[in-house]
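Chemist: These protein sequences, in sequence, are chains Z and H. Under my numbering, residues 1 to 149 are what the first sequence spells out, in order. Under my numbering, residues 1001 to 1779 are what the second sequence spells out, in order.
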Amino acid sequence: MPESLFRRVIVPVSNTDDAEATTDALAPYVTSAGGVVIAAHVIEKAGGALDKASVEQRERSADEIFEVVADGLANVDIEVETEYLYGTDVAETIIDAAHDLDASAIVFTPRGGSRWLKLLTGDVTTDLVNESDIPVIVLPDTHGGETDE
Amino acid sequence: MSGSDQELARDLGFLEAYTIGLGTMIGAGIFVLPSIAAEQAGPASMVSFFVGGIVSLLAALSLSELATGMPKAGGSYYYVNRALGPFFGSIVGWGMWSGLTFASAFYMIGFGQYLLPGLGQYVGFLAGWGELGITVAALVMAALLTGVNYYGVKETGSLQNVIVLTLVGLIVAFLSLGFISGPTIGEFNPNGWPTVAATVGTVYVTFIGFEVIATSAEEIKNPSRNLPLAMIASVVTPTLMYVGVMFISTGTLSIETLANSDIPVADVATEFMGPIGALAMIVGAVLATVSSANASILSAARVNFAMGRDRILVNWLNEVHERFRTPYRAITATGIITLVLIAIGVGIGTLAEVASFMYLVTYALVHVTVVVLRRADPEAYDPAFQIPSILYPIVPVVGMLACLAVLFQMSVEFVPFALSLGPVELTLPVTPTPVGAIGTVLVAFGIGWYYLYARDRALSESLVGEAIAPEPTAVANSGDHYRVVVPVANPETEQDLLRMAAASAHAHEDENAEVIAVNVIEVPRQTSLSQDLEFEEERVERQQKLLNSARDIAADLDIGLQTRAIVGRDAGSVILDVIEEENADHVLLGWQGTRSRREHVLGSTIDPVVGRASCDATLVKLGAEGERGAGDIMVLAGEGPHAPVAARRASEFVAAADDASLTLLNVQSPEADSEGGSSPTERGEAVIEELAERAGIQDMSYETEVRVAEDTEQTILDAAAGYDTVCVGATRSGAISQAVFGSLPETVGEEVDRTVVMARGPEESAMSVREALLRRLEV
Chain Z
1 MPESLFRRVI VPVSNTDDAE ATTDALAPYV TSAGGVVIAA HVIEKAGGAL DKASVEQRER
61 SADEIFEVVA DGLANVDIEV ETEYLYGTDV AETIIDAAHD LDASAIVFTP RGGSRWLKLL
121 TGDVTTDLVN ESDIPVIVLP DTHGGETDE
Chain H
1001 MSGSDQELAR DLGFLEAYTI GLGTMIGAGI FVLPSIAAEQ AGPASMVSFF VGGIVSLLAA
1061 LSLSELATGM PKAGGSYYYV NRALGPFFGS IVGWGMWSGL TFASAFYMIG FGQYLLPGLG
1121 QYVGFLAGWG ELGITVAALV MAALLTGVNY YGVKETGSLQ NVIVLTLVGL IVAFLSLGFI
1181 SGPTIGEFNP NGWPTVAATV GTVYVTFIGF EVIATSAEEI KNPSRNLPLA MIASVVTPTL
1241 MYVGVMFIST GTLSIETLAN SDIPVADVAT EFMGPIGALA MIVGAVLATV SSANASILSA
1301 ARVNFAMGRD RILVNWLNEV HERFRTPYRA ITATGIITLV LIAIGVGIGT LAEVASFMYL
1361 VTYALVHVTV VVLRRADPEA YDPAFQIPSI LYPIVPVVGM LACLAVLFQM SVEFVPFALS
1421 LGPVELTLPV TPTPVGAIGT VLVAFGIGWY YLYARDRALS ESLVGEAIAP EPTAVANSGD
1481 HYRVVVPVAN PETEQDLLRM AAASAHAHED ENAEVIAVNV IEVPRQTSLS QDLEFEEERV
1541 ERQQKLLNSA RDIAADLDIG LQTRAIVGRD AGSVILDVIE EENADHVLLG WQGTRSRREH
1601 VLGSTIDPVV GRASCDATLV KLGAEGERGA GDIMVLAGEG PHAPVAARRA SEFVAAADDA
1661 SLTLLNVQSP EADSEGGSSP TERGEAVIEE LAERAGIQDM SYETEVRVAE DTEQTILDAA
1721 AGYDTVCVGA TRSGAISQAV FGSLPETVGE EVDRTVVMAR GPEESAMSVR EALLRRLEV
């Protein structure tokens, strides 16, 4: 029998709402698998130009998000790790980190957003699904109403 | 964050840092300023640019030392605030922010000038819009840039490099072809040296660009080498370029033609590069002004962030957008002010000068900061780059004086100024210029902000005192006063807890007793202590509010109070440390009245403190009804080892209250005594009497009540409802028990809706052997 996909999952979280939705969706699966959850937040770098926000500001914002993840998984008996990731391409950064951290799968809930916004800010969901060579698990957003497509 | 993380976060090498600085420096300045500078000082404005470059170079040296010593977002503001305190921090923070918005507006008007009258020569529909058109173009572009940064539209470093290298190429071509064409300078200095000096102020706006490198110091790779190099290079390169451009401009066109040109560099280029060259310069100027304004808007948001981090500004402004991950509020605020400045028509020269003014104030203080930090030498300050010893303290001293001299020169005109205030006629020897007036108002705003907002909230303390007297201050004398430690966390219970602690303190010593209010901010293990402290604005604000009101309460109670605001991993061990440090006699904690969680009995903080404190420990559950720690007070007079402590606490409360009564209550079982024939009531009275003696309260007036019943616990619970406050001594004696105070006191605490005071004394510390050993090892 192959090892559980939920043995050691990397969970990219982009904001507090995302963190809440993702941990809610994730909790039942990791509870049974008893694995490790690595919550990761990508701090986008401009790669040579000025970043939109200072790194420290983004790290603090990431801490808030991680707190939501920790709260969401507080009642689940699993290990939660947190990682700041830095990179210019969000999807690529997550996939690289998944390799580095020996993740068994990348797990997230889709964030929605209009086509126009995705064009402006990038469509991470599509990139992750298309580019990853590590299993990608997309969990439904149980909160509902978050997606607007 | 770990060291390797830090390296990942750094993605600016020397070239990137240099181009970011250079992009801002040669941005608008080189294309717009020649007209303004030539009008003011003629060809001698070359000297103005050169002097401006020297002033900046001195600032860059000082700033490099600070930035490598403390690479944090916020640049000059951060260092000044850290070293000189929030008063100067407020001035510099607001100064930099307003300087950057004025500069953005200046760049945008420069953009409008090159776009409409400039490109209008080539593109039909852009021509003929006049002044209004320039303003509208500036507004549209400023709004667009604000939007780009609000929505976090991706820009890449390579684009930035291409733009800057193109600009450098264009200017080098302009300079070379210009030199070959043989420019001839007319009268070198038509308006005199004071004007040349004042022009330094006008053109200084162009030199604020290197600050952008400092504001992003945390993003630079190998900062000890790259940061000073990039800063110095991005000051020296444009200085040389400016001097060259002024030389060629004033040598090619007449001063009047230059002064009346909206697009001076393009007009000059037409003379020796033809229309194609001029078009290239116009396109370059459009790119340059946009890149400068963009960098300024982002830097302004970083200043906002740094101010929020130090609590000089509301952190509301620094929220990161949920989706776009940008500091959207700070960017919007900067954008709006920039739009307003463009729309009200301040005038391009004035915009530039105000920005210069604010940065000259900033750099003057930056020089002071270097000296203060070197003298105070705080632990966190360990600059990898230091001003070479041969140049210290010459650089900061001369640099500061130079900044002040330029400031003075640009702020006043040497014309007597008559000021009439009603009957009083004042004649000042000099007249303030509009720039001097606006700049002074902005500095005054910073000072006002400090007094009205920042003073009570700011986190950083000035290091000036330590710079003057670097010896460590003596530890305060800690005599043998009676000390009560009170951890406070809830504003609703704080007052009652402090009052009860004060009652205990007063009973021991009237004059010297002290209450120590402690509040602990607990931070999770994954974050560093300092990081989290700065971040959790609300928690720190709450802590300060709590401790401030503790001070007010203590003043009312006429008791000496110390406050301790602490950030720690674990409140329990922090409180134990405080008890140890202060050599406390008593610790008094509040309890919510619920127990038996999985991991702890009464609470994660209460368990270790009560279990391990070597002094008296009191746990108070404040009642929903009745007077708290006052009114009708009842002591459970049992035979337990800590009943006398409970009685003592009760007597202290009675002594401190105006109108309180004390009752000692004992419950006896109805069975006859095997030893003698005494009735249960007599036995109860005897226990009470003995207790009063053990507690040393036999001289106080108290009531006694003996109840005879089978079910002791239920009787106590019933009896308790008739009193305002119930005091119970700890019953547990062994160390293995699951209870902290014992099951009876804890049941009373949980079940009775009155105020319940559980007390234990020091004589039997409730430590287990293992805990005792651990403690020994810790000390």
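Backbone N, C-alpha and C define an ideal beta-carbon position, used for all residues, glycine too.
Should P1327/H be flagged as near chain Z, meaning a C-beta pair shorter than 7 Å?
Modeler: Within the second sequence, numbered from 1, the residue matching residue 1327/H stands at position 327. Yes, P1327/H lies at the interface with chain Z (some Cβ there is under 7 Å from its Cβ).
Chemist: I need the DSSP call for S1678/H, collapsed to helix, strand or coil.
Modeler: In the second sequence, counting from the first residue as 1, residue 1678/H sits at position 678. Correct three-state label for S1678/H: coil.
Chemist: What's the call for P1429/H, buried or exposed, on a 16-neighbour Cβ count within 10 Å?
Modeler: The count along the second sequence starts at 1 and reaches residue 1429/H at position 429. That one is exposed.
Chemist: Alpha carbon to alpha carbon, what distance is there between Y86/Z and I1020/H?
Modeler: Along the second sequence, read from residue 1 onward, the residue named residue 1020/H stands at position 20. Along the first sequence, read from residue 1 onward, the residue named residue 86/Z stands at position 86. Straight-line Cα distance between these residues: approximately 20 Å.
Chemist: Does the distance from the CB of V1354/H to the CB of E1065/H come in under 7 Å?
Modeler: Translated into positions along the second sequence, residue 1354/H becomes position 354. Translated into positions along the second sequence, residue 1065/H becomes position 65. Their beta carbons are not under 7 Å apart, which means V1354/H does not touch E1065/H by this criterion.
Chemist: Would you list, in chain order, the members of the segment 1146 to 1165 of chain H that have their beta-carbon closer than 8 Å to a beta-carbon of chain Z?
Modeler: Hits within the stretch, in order: N1149, Y1151, G1152, V1153, K1154, E1155, T1156, G1157, S1158, L1159, Q1160, N1161.
Chemist: By how many angstroms is the C-alpha of V1314/H removed from the C-alpha of T1473/H?
Modeler: Position 473 of the second sequence, counted from the start, is the residue given in the question as residue 1473/H. Position 314 of the second sequence, counted from the start, is the residue given in the question as residue 1314/H. Residue placement at T1473/H is poorly supported in this model, since its pLDDT is 35, which falls under 50; the coordinates still yield a value, given next. Roughly 33 Å separates the two Cα atoms.
Chemist: Exposed or buried, what is S1678/H when buried is set at 16 or more other beta-carbons lying within 10 Å of its beta-carbon?
Modeler: Looking up residue 1678/H in the second sequence gives position 678. So S1678/H ends up on the exposed side.
Chemist: Using only the alpha-carbon positions, how far apart do E1689/H and D1558/H sit?
Modeler: Here residue 1689/H is taken as the residue at index 689 of the second sequence, counted from 1. Here residue 1558/H is taken as the residue at index 558 of the second sequence, counted from 1. Rounded to whole angstroms, E1689/H to D1558/H spans 34 Å at the Cα level.
Chemist: Less than 7 Å between the C-beta atoms of R1628/H and V1667/H, yes or no?
Modeler: Here residue 1628/H refers to the residue found at position 628 when the second sequence is read from its first residue. Here residue 1667/H refers to the residue found at position 667 when the second sequence is read from its first residue. No, Cβ-Cβ distance for R1628/H and V1667/H is not below 7 Å.
Chemist: Would the segment 1263 to 1272 of chain H and the segment 1281 to 1296 of chain H be scored as touching if the rule is three or more Cβ pairs under 8 Å?
Modeler: Yes, they touch.
Chemist: Consider the Cβ of N75/Z: report whether some Cβ of chain H lies at a distance smaller than 7 Å.
Modeler: Here the question's residue 75/Z lines up with position 75 in the first sequence. It does not: the Cβ of N75/Z has no partner Cβ on chain H nearer than 7 Å.
Chemist: Could you tell me the alpha carbon to alpha carbon distance between L1165/H and F1111/H, rounded to whole angstroms?
Modeler: Here residue 1165/H refers to the residue found at position 165 when the second sequence is read from its first residue. Here residue 1111/H refers to the residue found at position 111 when the second sequence is read from its first residue. Going by the C-alpha atoms only, they are around 19 Å apart.
Chemist: Using C-beta distances below 6 Å, list every residue in its chain close to M1273/H, excluding the 5 sequence neighbours before and after it, in chain order.
Modeler: Along the second sequence, one-based indexing puts residue 1273/H at 273. L1177.
Chemist: From R1760/H to F1305/H, what distance separates their C-alpha atoms?
Modeler: The residue labelled residue 1760/H in the question sits at position 760 within the second sequence. The residue labelled residue 1305/H in the question sits at position 305 within the second sequence. About 49 Å.
Chemist: In angstroms, rounded to a whole number, what distance separates the CA positions of E1211/H and T1755/H?
Modeler: Working through the second sequence from its first residue, we reach residue 1211/H at position 211. Working through the second sequence from its first residue, we reach residue 1755/H at position 755. Going from the Cα of E1211/H to the Cα of T1755/H covers about 60 Å.
Chemist: Cα separation between R1455/H and F1087/H?
Modeler: Sequence index remark: in the second sequence, residue 1455/H carries index 455 (1-based). Sequence index remark: in the second sequence, residue 1087/H carries index 87 (1-based). In a straight line, the C-alpha of R1455/H is about 7 Å away from that of F1087/H.
Chemist: Listing by chain order, which chain Z residues have their CB less than 9 Å from the CB of K1072/H?
Modeler: Here residue 1072/H corresponds to residue number 72 of the second sequence, with the count starting at 1. The contacting residues are S54, E56.
Chemist: Are there three or more Cβ pairs, one per stretch, closer than 8 Å when the segment 1212 to 1224 of chain H is compared with the segment 43 to 53 of chain Z?
Modeler: With the cut-off at 8 Å, the segment 1212 to 1224 of chain H and the segment 43 to 53 of chain Z touch.
Chemist: Could you name the residues of chain Z that N1226/H contacts, counting a contact when the two beta carbons are closer than 7 Å?
Modeler: For this step, residue 1226/H is matched to residue 226 along the second sequence. Chain Z residues near N1226/H: none, gap ~13 Å exceeds 7 Å.
Chemist: So, are the CB atoms of M1241/H and A1060/H less than 7 Å apart?
Modeler: On the second sequence, position 241 is the one that residue 1241/H refers to. On the second sequence, position 60 is the one that residue 1060/H refers to. Not closer than 7 Å, so no.
Chemist: Tell me the rounded alpha-carbon separation between D1262/H and P1194/H.
Modeler: Taking the first residue of the second sequence as 1, we reach residue 1262/H at position 262. Taking the first residue of the second sequence as 1, we reach residue 1194/H at position 194. Going from the Cα of D1262/H to the Cα of P1194/H covers about 25 Å.
Chemist: Counting only runs of 4+ residues fully inside the segment 1350 to 1420 of chain H, write out the alpha helix (DSSP H) ranges in chain order.
Modeler: Runs found: 1394 to 1411.
Chemist: Compare the Cα-Cα distances from L1116/H to each of E1713/H, M1108/H, A1137/H and report the closest residue.
Modeler: Walking along the second sequence from the start, residue 1116/H turns up at place 116. When each option's Cα is compared against that of L1116/H, the closest is A1137/H.
Chemist: Is the segment 1409 to 1419 of chain H in contact with the segment 1433 to 1441 of chain H, if contact means three or more CB pairs nearer than 8 Å?
Modeler: At 8 Å Cβ cutoff, the stretches touch.
Chemist: Label P1388/H either buried or exposed according to how many other C-beta atoms from any shown protein chain fall within 10 Å of its C-beta, with 16 as the threshold for buried.
Modeler: Here residue 1388/H corresponds to residue number 388 of the second sequence, with the count starting at 1. Under this definition P1388/H is an exposed residue.
Chemist: Which one or two residues does DSSP pair with G1590/H in a beta bridge?
Modeler: Residue 1590/H sits at position 590 when you count from the first residue of the second sequence. In the DSSP output, where bridge partners are listed per residue, G1590/H has V1620/H.
Chemist: Any beta carbon from chain H within less than 7 Å of G47/Z's own beta carbon?
Modeler: One-based indexing of the first sequence puts residue 47/Z at position 47. Yes - at least one Cβ of chain H is within 7 Å of the one on G47/Z.
Chemist: Should P1491/H be labelled buried (16 or more other beta-carbon atoms within 10 Å of its own) or exposed?
Modeler: Counting from 1 along the second sequence, the entry for residue 1491/H is found at position 491. Answer is exposed; the Cβ neighbour count stays below 16.
Chemist: Given that R1302/H touches chain Z, what residues does it touch there, using C-beta distances under 7 Å?
Modeler: As a working note, residue 1302/H is residue 302 in the second sequence. The answer, in chain order, is S54.
Chemist: Could you tell me which residues DSSP puts in a beta bridge with V9/Z?
Modeler: Here the question's residue 9/Z lines up with position 9 in the first sequence. In the DSSP output, where bridge partners are listed per residue, V9/Z has V37/Z, A105/Z.
Chemist: Could you tell me the alpha carbon to alpha carbon distance between E1155/H and Y1451/H, rounded to whole angstroms?
Modeler: The sequence position of residue 1155/H within the second sequence is 155, counting from 1. The sequence position of residue 1451/H within the second sequence is 451, counting from 1. C-alpha separation (whole angstroms): 40 Å.
Chemist: Can you name, in chain order, every residue of its own chain whose Cβ lies under 7 Å from the Cβ of L1298/H, other than the five neighbours on each side?
Modeler: Within the second sequence, residue 1298/H is the residue found at index 298, counting from 1. Cβ within range, chain order: N1149.
Chemist: What is the rounded straight-line gap between the Cα of Y1077/H and the Cα of G1089/H?
Modeler: For the purposes of this step, residue 1077/H is taken as the residue at position 77 of the second sequence. For the purposes of this step, residue 1089/H is taken as the residue at position 89 of the second sequence. Roughly 6 Å between the two C-alpha positions.
Chemist: Compare the Cα-Cα distances from I1716/H to each of G1120/H, G1638/H, E1652/H and report the closest residue.
Modeler: Counting from 1 along the second sequence, the entry for residue 1716/H is found at position 716. For I1716/H, the nearest C-alpha among the options comes from G1638/H.
Chemist: Compare the C-beta of V1515/H against all C-beta atoms of chain Z and say whether one is closer than 7 Å.
Modeler: As a first step, residue 1515/H must be located in the second sequence, where it is residue number 515. With 7 Å as the cut-off, V1515/H does not count as an interface residue toward chain Z.
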